[in-house]
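Here's the structure, in structure tokens; my notes come after.
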Amino acid sequence: MGRRIPILFFLGLAVYSAFLGLSDDEAYYWVLAQKPALGYAFHPPAVAWLIAVFQRLFGGLLGADSPFVVRLPAVFCSTLILSLCLNWLDRSGLASTHKNRAAAVVLAFFSFFSLSWMMVPDLPLFLGWTLAFTGTWALCFSQSKKLDYWKVGLGVALSILSKFSGILVLFSVGLALFCWAPPRVRRKAIWGVGLGFVAAVLPTLYWNA
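In structure tokens, the structure reads:
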């Protein structure tokens, strides 16, 4: 059952969200996605980019303004967040017999299921934070893998590209690496974090220039 939880969650969330009309915020980001740009007045571009990509992939089948198409990136983000959480619990030593209960706790946390279908900047921000957290934890406290370095860099980049407050993820990652990561791991991780930061801020800087 444990491995099927993210799949069932994805299917349930997709059906649940497909029959609800777009909120004002979602309609606003949908409008931005019709002309993808490197930046916007109130938010970095990640949310509009994601909507634009999924419109390009599925809009021809279901309609570019279909709530299902607009919200499909949110469903993917939420499913990835759940999968990353469950994978982290596995790596931290959670007994397999407790995985279903742990998944239920994650889904209940702040009404995760009932609110995670909205395509707003918070969802890619939370996905970026979860990537950064799980990758940083592994680099500091577990047998780190090459993928963990990528997760940290991608998490920092996605967080900053989602909301300007995502810059706080960069400082959290840096502080954790400084306090707990082995020196060799820290040096390699800083390169990944730095690349993620540069990749995230260049579009906004260029757009504002």
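When you line the sequence shown up against numbering that gives the first Met the number 0, it's residues 0 to 208, in that order. We put the CB at the ideal spot given by N, CA and C, even for glycine.
Residue i to residue j span [Cα, whole Å]
i	j	result
A36	G58	19 Å
L176	A188	8 Å
L61	D24	21 Å
T78	W116	10 Å
W149	V197	14 Å
V68	C178	43 Å
L122	R186	30 Å
R55	A32	11 Å
V104	L85	11 Å
Y28	S161	12 Å
H97	L81	15 Å
A208	M118	28 Å
A107	C76	17 Å
R183	W190	12 Å
P181	F41	38 Å
I50	A26	11 Å
Contacting residues, own chain, Cβ-Cβ under 7 Å from residue i (five flanking each side not counted)
i	result
W48	P35
S158	L124, G127, W128, A131, G165, V168
V200	I159
S141	R90
L194	G152
I6	none
V74	F9, L12, A13, S16, W116
D147	G134, A137, L138
F163	P43
Close beta carbons around residue i, own chain, < 8 Å, minus the five adjacent residues each side
i	result
V192	V151, G152, V155, L169, V172, G173, L176
V144	The residue asked about is misnamed: residue 144 is Lys in this sequence, not Val. These residues qualify, in order along the chain: A137.
Whether residue i touches residue j by CB criterion (7 Å)
i	j	result
W206	G38	yes
P66	T203	no
P120	V46	yes
Residues near residue i in its chain [Cβ-Cβ closer than 6 Å; skip 5 each side]
i	result
L71	F53
A63	Q54
T135	V151, V172, A175
I4	A102
L83	T129, T133
- Item | Sufficient close CB pairs (3 or more, under 8 Å) joining the region 9 to 19 to the region 89 to 106 | These segments do not touch.
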